[in-house]
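Read in this note's numbering, the sequence shown has 77 at position 77, and its numbers run on one by one without any break.
Each residue gets a CB set at the ideal place from its N, CA and C atoms; glycine is no exception.
Note that this is a predicted model, so its numbers are computed, not measured.
Scroll down for the structure; my scribbles are underneath it.
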Amino acid sequence: MKKKCMVPYLILIPFFAIPSGCAYNKTSSPELLVDNQQIAITVQPETARTDCDTVVITCIDYRFAIANQEFINETLGLKDNYDHISIPGSIYNLVNPETRALLFSKFALSVRLHLINRVVIISHRDCGGYGGSTAFGSEIAEYETQTADLRKARALLLEKYPTLQIDLFLESLVQEGGETKVHFEKVL
Ligand SMILES: [Zn+2]
Numbered sequence: 001m002k003k004k005c006m007v008p009y010l011i012l013i014p015f016f017a018i019p020s021g022c023a024y025n026k027t028s029s030p031e032l033l034v035d036n037q038q039i040a041i042t043v044q045p046e047t048a049r050t051d052c053d054t055v056v057i058t059c060i061d062y063r064f065a066i067a068n069q070e071f072i073n074e075t076l077g078l079k080d081n082y083d084h085i086s087i088p089g090s091i092y093n094l095v096n097p098e099t100r101a102l103l104f105s106k107f108a109l110s111v112r113l114h115l116i117n118r119v120v121i122i123s124h125r126d127c128g129g130y131g132g133s134t135a136f137g138s139e140i141a142e143y144e145t146q147t148a149d150l151r152k153a154r155a156l157l158l159e160k161y162p163t164l165q166i167d168l169f170l171e172s173l174v175q176e177g178g179e180t181k182v183h184f185e186k187v188l
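See the structure below:
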């Protein structure tokens, strides 16, 4: 099957796509202040192929963004080898019948265009998509709901794509030795 290549050699970031009002990080390149400036970022030559192995589904939550990238790229060894669907609530959108079709349609693109054979789903504690931790009443109730949803999402995906390998993770922010860390737990 001939697949459509969706990976560009150079990623050109339009000026208008760069946020300029971030209150936290004010170290953006001064070049971004010039109208119509084009920014070129070099990628690895092997990135410019026509398929990848995995699609990763995560929530958009900024608190987990850097840890997610390190976990996906380094811990799971998926650097340059995955599509990334980032959506508020992660697979809550798959479990919820009202938004299921939307996520399935985007997921299907990854399967069709890039012939992925593995799915990594990451959900996180205190997720705004669920209304935060307080919506559950207790930590145990939150944990049981989210792990059950992860397993339900896996079952829904396997109904349509029975040959997929699906790995589930639940992550949480933890205070440890004076530092804030993100813990990832594999959910079976
Ligand atoms: Zn979230």
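- Distance from Leu109 to Asn93 at the Cβ level is roughly 15 Å; contact not present, criterion being Cβ atoms closer than 8 Å.
- A Cβ closer than 7 Å to some heavy atom of ligand 1 marks a residue here, and those residues are Cys59, Ile60, Asp61, Pro88, Gly89, Ser90, His124, Cys127, Gly128 and Gly129.
- Thr75 has its alpha-carbon roughly 29 Å from the corresponding atom of Ile39.
- Nearest to Glu142 by alpha-carbon distance, out of Ala153, Tyr130 and Lys152, is Tyr130.
- When the beta-carbon positions are compared, Thr58 and Ile122 come within less than 7 Å of each other.
- One Cα belongs to Gln37, the other to Glu31, and the distance between them is close to 7 Å.
- The DSSP assignment places complete beta strand (DSSP E) segments of no fewer than 3 residues inside the stretch 58–88 at 82–86, in order along the chain.
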